[in-house]
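*Asks:* So that we are looking at the same thing, I have put the structure below in structure tokens.
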Amino acid sequence: MSTHNHPTDVTVTGATDGVPAVFTDPGIPHHRDRQSDLHPAAEKRAERQVTLLFGLSVLGTIGFLVAYFTVPPGETVASMRLSNLLLGLGLFLAMFAIGIAAVHWAKSLMNAHEKAEDRHELRSSDTTRTAAVEMLREGTEDSSIGRRGVLKGAMVSALALAPLSVAVPLIGEVGEDWDVSKFKSTMWRKGTRLAIDPSGRPIRAADVTIGSVVHVIPENLSEAEHPLDEKAKAVVLLVRLDPRDLKEAEDRKGWSYEGIVAYSKICTHVGCPVSLYEQQTHHLLCPCHQSTFDVADGAKVVFGPANRPLPQLPIEVDDEGYLVAQSDFTEPIGPSYWERLR
Amino acid sequence: MTTTTSPAAKAAGGTADYLDQRTGLGAAVKGLSRKIFPDHWSFLLGEIALYSFIVILISGVFLTLFFVPSMAETDYEGPWAAMNGVEMSEAFASTLRLSFEVRGGLLMRQIHHWAALLFMASIVTHMMRVFFTGAFRKPRELNWLIGFTLMILGLAAGFSGYSLPDDVLSGNGLRITDGVVRSIPIIGSYLSYFIFGGEFPGQDLIPRLFIVHVLLVPAIILALVGLHLFLVFLQKHTQYPGGGRTNTNVVGFPLFPIYVAKAGGFFFIVFGVIALMAATMTINPVWNYGPYDPSPVGAGAQPDWYMLFLEGSLRLMPGQGTEWVIGGYTLSLNVLIPAVVVPGILFTALAAYPFIEQFVTGDKREHHVLDRPRNVPFRTATGVAILTAFFILVLAGSNDLIATQFDLSINDITWTFRVLFFVAPVLAFWITKRICLGLQRKDRELVLHGHETGRIVRFAHGEYIEVHRPLDDQERWLRVSQEPNRPLEIEPAEDSRGVRRKGYRKDVLRQRLSRIFFEDRVEPVTPAELAAAHSHGEHDALGSVHQTHGGANVPELDQAGTDGVPTVTAAGGGRRLAEPETPQQGPGADARNH
Numbered sequence: 001m002s003t004h005n006h007p008t009d010v011t012v013t014g015a016t017d018g019v020p021a022v023f024t025d026p027g028i029p030h031h032r033d034r035q036s037d038l039h040p041a042a043e044k045r046a047e048r049q050v051t052l053l054f055g056l057s058v059l060g061t062i063g064f065l066v067a068y069f070t071v072p073p074g075e076t077v078a079s080m081r082l083s084n085l086l087l088g089l090g091l092f093l094a095m096f097a098i099g100i101a102a103v104h105w106a107k108s109l110m111n112a113h114e115k116a117e118d119r120h121e122l123r124s125s126d127t128t129r130t131a132a133v134e135m136l137r138e139g140t141e142d143s144s145i146g147r148r149g150v151l152k153g154a155m156v157s158a159l160a161l162a163p164l165s166v167a168v169p170l171i172g173e174v175g176e177d178w179d180v181s182k183f184k185s186t187m188w189r190k191g192t193r194l195a196i197d198p199s200g201r202p203i204r205a206a207d208v209t210i211g212s213v214v215h216v217i218p219e220n221l222s223e224a225e226h227p228l229d230e231k232a233k234a235v236v237l238l239v240r241l242d243p244r245d246l247k248e249a250e251d252r253k254g255w256s257y258e259g260i261v262a263y264s265k266i267c268t269h270v271g272c273p274v275s276l277y278e279q280q281t282h283h284l285l286c287p288c289h290q291s292t293f294d295v296a297d298g299a300k301v302v303f304g305p306a307n308r309p310l311p312q313l314p315i316e317v318d319d320e321g322y323l324v325a326q327s328d329f330t331e332p333i334g335p336s337y338w339e340r341l342r
Numbered sequence: 001m002t003t004t005t006s007p008a009a010k011a012a013g014g015t016a017d018y019l020d021q022r023t024g025l026g027a028a029v030k031g032l033s034r035k036i037f038p039d040h041w042s043f044l045l046g047e048i049a050l051y052s053f054i055v056i057l058i059s060g061v062f063l064t065l066f067f068v069p070s071m072a073e074t075d076y077e078g079p080w081a082a083m084n085g086v087e088m089s090e091a092f093a094s095t096l097r098l099s100f101e102v103r104g105g106l107l108m109r110q111i112h113h114w115a116a117l118l119f120m121a122s123i124v125t126h127m128m129r130v131f132f133t134g135a136f137r138k139p140r141e142l143n144w145l146i147g148f149t150l151m152i153l154g155l156a157a158g159f160s161g162y163s164l165p166d167d168v169l170s171g172n173g174l175r176i177t178d179g180v181v182r183s184i185p186i187i188g189s190y191l192s193y194f195i196f197g198g199e200f201p202g203q204d205l206i207p208r209l210f211i212v213h214v215l216l217v218p219a220i221i222l223a224l225v226g227l228h229l230f231l232v233f234l235q236k237h238t239q240y241p242g243g244g245r246t247n248t249n250v251v252g253f254p255l256f257p258i259y260v261a262k263a264g265g266f267f268f269i270v271f272g273v274i275a276l277m278a279a280t281m282t283i284n285p286v287w288n289y290g291p292y293d294p295s296p297v298g299a300g301a302q303p304d305w306y307m308l309f310l311e312g313s314l315r316l317m318p319g320q321g322t323e324w325v326i327g328g329y330t331l332s333l334n335v336l337i338p339a340v341v342v343p344g345i346l347f348t349a350l351a352a353y354p355f356i357e358q359f360v361t362g363d364k365r366e367h368h369v370l371d372r373p374r375n376v377p378f379r380t381a382t383g384v385a386i387l388t389a390f391f392i393l394v395l396a397g398s399n400d401l402i403a404t405q406f407d408l409s410i411n412d413i414t415w416t417f418r419v420l421f422f423v424a425p426v427l428a429f430w431i432t433k434r435i436c437l438g439l440q441r442k443d444r445e446l447v448l449h450g451h452e453t454g455r456i457v458r459f460a461h462g463e464y465i466e467v468h469r470p471l472d473d474q475e476r477w478l479r480v481s482q483e484p485n486r487p488l489e490i491e492p493a494e495d496s497r498g499v500r501r502k503g504y505r506k507d508v509l510r511q512r513l514s515r516i517f518f519e520d521r522v523e524p525v526t527p528a529e530l531a532a533a534h535s536h537g538e539h540d541a542l543g544s545v546h547q548t549h550g551g552a553n554v555p556e557l558d559q560a561g562t563d564g565v566p567t568v569t570a571a572g573g574g575r576r577l578a579e580p581e582t583p584q585q586g587p588g589a590d591a592r593n594h
């Protein structure tokens, strides 16, 4: 098998009349003299420019220090920006001028004649290779490992097992209690009042007007051991629709209250909070990946990468007229995972 | 040995002597100080990556002295009135302190962030340069893999750092990460617990990200950067083709003083430009976003640019019918495919390309002279196709901004990108390949007939021709020195005695792939063709294009690749000929006979 890409492989027609088979390399192009090579005045000028640029850098550093001592960041965004701008410009000048000076020096004043250097094959010579193999063979022989099979086995076992002392406690502790069934429940219980996020004020059904949206947390959220962890699962979006617009499945007839429905705010795609509500279409949009859910129709997916509807929180009203949960969600909230239905 | 006797020279000489007696430093200085490196602007891309990394290290050390990597809750009290009394993590509070109270702290934060964006951008463009010029060929395949790993580590460094301030924007990014991790079959839920130390967000994440961000990842990056540069020194830099540049030499300027000045100076330029960006362009103003809270999210939120392709991939995937339940277990293909499978395929293709190409060409020689991208149309087209797929995903990651900026329907945009993701790379491949072949033909025409001068001459017998100026040696060499790539010819399945030989099937696969790679090609001009073009006059029609298709030799016709409609290629010169004269045997015919 040949690759046909050696230049000498090419059969050239007409090579008979003294035309070479391949073009010849013209060699390194001639050096073109620069202004500074030809005119001492230009050289002097370039030297002055380089000096000036280094001087400019010194000015930049001085500017930075002056700004540092005289312009504190202050208490407003404007004063902070001003301080940042002046410090940054000083640093820019200090650094950039050094860079330009060095490059200008190299390009206009240093010797600009190209040089060639030979490459050497990276592969070691055959003699070196043989010697290397011989050394390894001698070493192996000296260690006598080839003749002591049991010893070899013992060594491999010891080395393989030793890292367990680090790995086992690491893996044991790094995932807390490894109880992934926690994904399945939130802190909503029968009778937990729905409260406004973030104030924690309970919501009276009568105060929710048609078309309004309320971001909801459980009233007792702040009492949780890790409120943020609980909030990450328990946040709910409450919407009041005209009951005539609401399409409800048979088994969910009792889950809403006079057109008020509550859905998990955590997107079933990858878990962003779904928070953009469009009143006209009753559509809820996840701003992260644009999954769109229809609140009037069981929060079913109408567009985007989500596959499942948002889980619904069954709600009712307690004796004082406050909205409360009937129970926890009836399915795990948030994105899908392997054991979700087990 | 110094001839001057100034005190400074004496001190330098003394130090050198001291060090050399203890380390043998002299040999290293002798070997390295005048080492030759070739010069080209595109070699600066990798340098930008290196220098922005150094800037990241400098500004990063500054930041660690003030940042508190803790998720413990605290009430903010400080100059930023909007957040007074707000409950937040120590991490977020210390980020505010860095921005408002530490003088120069905001500048360092913004330098750190801009440098990180520049780091990734320069890595990607540096990889593009290496890919399109074939610099990954033997002996540099290992360095390609090291560079590839550095890119992945850069992503890890960027993402872990982006999440440290514990603001609401990056917190939602982490929540997406959690959702993606959970979609992984069997181990997903446990992996999520592994990362977050329990349920999201937990109490451990910021300290864990911190150690990943300031120790683990940077240490590996630093080690690999060292190895990457060591190999560049060991193997010597590649060079672009040109007069005097061969596979056995390297032409350029010495490390000292030219590159000490140029590359050293370039570090300060990169640092300066990053400082200017940090001074004038606000980045990640977390004081506006607020601390992490699982409930709110801003519309139009964007991750850093290098994460946009993942975001776009997630956005494009349709959700309906892509979540499967198998034996009671849930398989979320709507997350798994865009977040794991698609990037997996793109990245694996990129990492494996040098090895694929080497298998196809069967070429085991060292290559130190770079390819001009036009001379390897298949590779160039493949690279552009991968980039196109990547950029479609990047754009899809900004589909909400496109929708609001141009007042378009988000659903229409998403559907457009869904289609483009499959169609655009194919189109890009085809167009790029045609452009490459066209450029190669243009090169042939220039070599054979020279530059058009615009000067029209009328002969005594009434004929008009345009005078052409032949190329000079350097111009011509650039266009004829490449080796023609041709499809492999393999030995027959059976030898002369009718015995089936080993490895035939592998060879057949190799030959098929090789045809896909090199079937459409334009060969460089040979001296004979040039001589013929000169001796037969300007309007001679000696086969200008040897593009074979399907093994057939069509020396005079440009058989346009996929549509199969042959078009007549004019041979250039003073008059554009409608049709060539009698076909002559050219190298294209010889290729078949080998």
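As given, the protein sequences belong to chains A and B, one line each in that order. Sequential numbering from 1 applies to the first sequence in UniProt numbering. Sequential numbering from 1 applies to the second sequence in UniProt numbering. Beta carbons: idealized from backbone N, C-alpha and C, even for Gly.
(1) Is the distance from the Cβ of B:L142 to the Cβ of B:F67 below 9 angstroms?
(2) Check the Cβ of A:Q279 against every Cβ in chain B and list those closer than 8 angstroms, keeping chain order.
(3) Would you verify that the beta carbon of A:N220 is, or is not, closer than 9 angstroms to some beta carbon of chain B?
(4) Under 8 angstroms Cβ-Cβ, which residues of chain A neighbour B:L106?
(5) Looking at C-beta atoms only, is the number of pairs between the segment 392-400 of chain B and the segment 137-156 of chain B that lie closer than 8 angstroms three or more?
(6) Under a three-way DSSP split, which group does B:L378 fall into?
(7) Can you confirm whether B:T248, when its beta carbon is compared against all beta carbons of chain A, has any partner nearer than 9 angstroms?
(8) Report the CB separation of A:L341 from B:V325 in whole angstroms; it is logged as a contact under 8 angstroms.
(9) Which class does B:D167 belong to by DSSP, given the choice of helix, strand or coil?
(10) Quick one: grab the DSSP three-state call for A:T292.
(11) Below 8 angstroms CB to CB, which residues in the same chain sit around A:T209 once its five sequence neighbours on both sides are set aside?
(12) What distance in whole Å lies between the Cβ atoms of B:S33 and B:L255, which are believed to be in contact at a cut-off of 8 angstroms?
(13) Tell me, which residues are paired with B:M88 by DSSP?
(14) Identify the contact partners of A:P305 in chain B, using a Cβ-Cβ distance below 9 angstroms as the criterion.
(15) Would B:L437 pass as an interface residue toward chain A - the criterion being a Cβ-Cβ separation below 9 angstroms?
(16) Please name the residue in B:F267, B:L234, B:G265, B:A91 whose C-alpha comes closest to that of residue 422 of chain A.
(17) Using a Cβ-Cβ cut-off of 8 angstroms (strictly less than) and excluding sequence neighbours within five positions of B:A156, which residues of its own chain qualify?
(18) Would you mind reading off the limits of the beta strand (DSSP E) that contains B:T453?
(19) On a Cα-Cα basis, can you pick out the residue from A:K182, A:D242, A:I260 that is closest to A:D328?
(20) B:I490 and B:V467 look like a contact to me (Cβ under 8 angstroms); what is the Cβ gap, rounded to whole Å?
(21) Going by DSSP in three states, B:H237 sits in which element: helix, strand or coil?
(22) Mapping DSSP to helix, strand and coil, what is B:V232?
(23) Give the range of the beta strand (DSSP E) segment to which B:I274 is assigned.
(24) Which word fits A:F23, buried or exposed, when buried means at least 16 other C-beta atoms lie within 10 angstroms of its C-beta?
(25) Please state whether DSSP places B:W324 in a helix, a strand or coil.
(26) State the beta-bridge partners of A:Q312 as determined by DSSP.
(27) Tell me, please, whether the CB atom of A:L52 is closer than 9 angstroms to any CB atom in chain D?
(28) Output needed for B:R182: all residues of its chain with C-beta closer than 7 angstroms, excluding positions within five of it in sequence on either side, in chain order.
(29) Does any residue of chain B bring its CB to less than 9 angstroms from the CB of A:L91?
(30) Are the beta-carbon atoms of residue 598 of chain B and B:F309 separated by less than 9 angstroms?
(31) Where does the unbroken beta strand (DSSP E) through B:I283 begin, and where does it stop?
(32) Could you tell me the alpha carbon to alpha carbon distance between B:A12 and B:A261, rounded to whole angstroms?
(33) Check A:T330 in the structure and name its three-state DSSP category.
(34) For B:T526 versus B:V457, is the C-beta spacing smaller than 9 angstroms?
(35) Run through chain A and tell me which residues come within less than 9 angstroms of B:G252, C-beta to C-beta.
(36) Based on the DSSP output, what are the partners of A:Y322 in its beta bridges?
*Replies:* Let me lay it out:
(1) Residue 142 of chain B sits at position 142 when you count from the first residue of the second sequence. Residue 67 of chain B sits at position 67 when you count from the first residue of the second sequence. No, Cβ-Cβ distance for B:L142 and B:F67 is not below 9 angstroms.
(2) Locating residue 279 of chain A in the first sequence gives position 279, where the first residue counts as 1. Residues of chain B passing the Cβ test: none, with the nearest at roughly 16 angstroms.
(3) Stepping through the first sequence from its first residue, residue 220 of chain A is reached at position 220. So no, A:N220 is outside the interface.
(4) Position 106 of the second sequence, counted from the first residue, corresponds to residue 106 of chain B. Those within 8 angstroms of B:L106 in chain A are P73, M80, S83, N84.
(5) no
(6) Residue numbering aside, residue 378 of chain B sits at position 378 when the second sequence is read from its first letter. Residue identity check: residue 378 of chain B is Phe in the sequence provided, not Leu. B:F378: helix per DSSP, three-state reduction.
(7) Position 248 of the second sequence, counting from 1, holds the residue named residue 248 of chain B. For B:T248, the answer is yes, since a Cβ of chain A falls inside 9 angstroms of its Cβ.
(8) Counting from 1 along the first sequence, the entry for residue 341 of chain A is found at position 341. Counting from 1 along the second sequence, the entry for residue 325 of chain B is found at position 325. Indeed, because the Cβ distance is near 6 angstroms, the residues count as touching under 8 angstroms.
(9) For the purposes of this step, residue 167 of chain B is taken as the residue at position 167 of the second sequence. Three-state result, B:D167: strand.
(10) Here residue 292 of chain A corresponds to residue number 292 of the first sequence, with the count starting at 1. Three-state DSSP puts A:T292 in a strand.
(11) Reading the first sequence from its first residue, position 209 is the one you call residue 209 of chain A. Only R240 meet the Cβ criterion.
(12) On the second sequence, position 255 is the one that residue 255 of chain B refers to. On the second sequence, position 33 is the one that residue 33 of chain B refers to. That belief holds up - the Cβ atoms of B:L255 and B:S33 are roughly 6 angstroms apart, short of 8 angstroms.
(13) Taking the first residue of the second sequence as 1, we reach residue 88 of chain B at position 88. B:T74, per the DSSP bridge assignment.
(14) Counting from 1 along the first sequence, the entry for residue 305 of chain A is found at position 305. In chain order: L314, R315, L316, M317, P318, G319, T322, N334, V335, P338.
(15) To locate residue 437 of chain B, count along the second sequence from 1; it is residue 437. Interface flag for B:L437 against chain A is unset, since no Cβ pair is found closer than 9 angstroms.
(16) The shown model of chain A, from 1 to 342, leaves out residue 422 of chain A, and the question about it has no answer.
(17) Start at 1 with the first residue of the second sequence, and residue 156 of chain B comes out as number 156. V212, V217, listed in sequence order.
(18) In the second sequence, the residue the question calls residue 453 of chain B occupies position 453. Where B:T453 is concerned, the enclosing beta strand (DSSP E) stretches over 451-458.
(19) Stepping through the first sequence from its first residue, residue 328 of chain A is reached at position 328. Of the candidates A:K182, A:D242, A:I260, the one whose C-alpha sits nearest the C-alpha of A:D328 is A:K182.
(20) Taking the first residue of the second sequence as 1, we reach residue 490 of chain B at position 490. Taking the first residue of the second sequence as 1, we reach residue 467 of chain B at position 467. The pair is not a contact, with the Cβ atoms about 48 angstroms apart (cut-off 8 angstroms).
(21) As a first step, residue 237 of chain B must be located in the second sequence, where it is residue number 237. B:H237 falls in the coil class under three-state DSSP.
(22) Residue numbering aside, residue 232 of chain B sits at position 232 when the second sequence is read from its first letter. The answer is helix: DSSP assigns B:V232 an H, G or I state.
(23) Locating residue 274 of chain B in the second sequence gives position 274, where the first residue counts as 1. Unbroken run through B:I274 is the alpha helix (DSSP H), 260-280; no beta strand (DSSP E).
(24) Position 23 of the first sequence holds residue 23 of chain A. That one is buried.
(25) Here residue 324 of chain B refers to the residue found at position 324 when the second sequence is read from its first residue. Correct three-state label for B:W324: strand.
(26) On the first sequence, position 312 is the one that residue 312 of chain A refers to. According to DSSP, A:Q312 bridges with A:Y263.
(27) In the structure shown, chain D cannot be found, because the protein chains are A and B.
(28) In the second sequence, counting from the first residue as 1, residue 182 of chain B sits at position 182. So the qualifying residues of the chain are G188, S189, S192.
(29) The residue labelled residue 91 of chain A in the question sits at position 91 within the first sequence. By this cut-off, A:L91 is an interface position.
(30) The first residue shown for chain B is 1 and the last is 594, placing residue 598 of chain B beyond what the model contains.
(31) As a working mapping, residue 283 of chain B is identified with position 283 in the second sequence. Counted as a single uninterrupted DSSP element, the stretch harbouring B:I283 is not any beta strand (DSSP E), since DSSP gives it neither H nor E.
(32) Taking the second sequence and counting its residues from 1, the one referred to as residue 12 of chain B is at position 12. Taking the second sequence and counting its residues from 1, the one referred to as residue 261 of chain B is at position 261. Using only the alpha carbons, I get a separation of about 20 angstroms.
(33) One-based indexing of the first sequence puts residue 330 of chain A at position 330. Reduced to three states, the DSSP call for A:T330 is coil.
(34) Locating residue 526 of chain B in the second sequence gives position 526, counting from the first residue. Locating residue 457 of chain B in the second sequence gives position 457, counting from the first residue. No, the pair does not count as a contact, with Cβ atoms beyond the cut-off.
(35) What you label residue 252 of chain B is simply residue 252 of the second sequence in a count that begins at 1. The contacting residues are E114, K115, A116, E117.
(36) The residue you call residue 322 of chain A lines up with position 322 of the first sequence. Residue pairing by DSSP places A:Y322 opposite A:R204 in a beta bridge.
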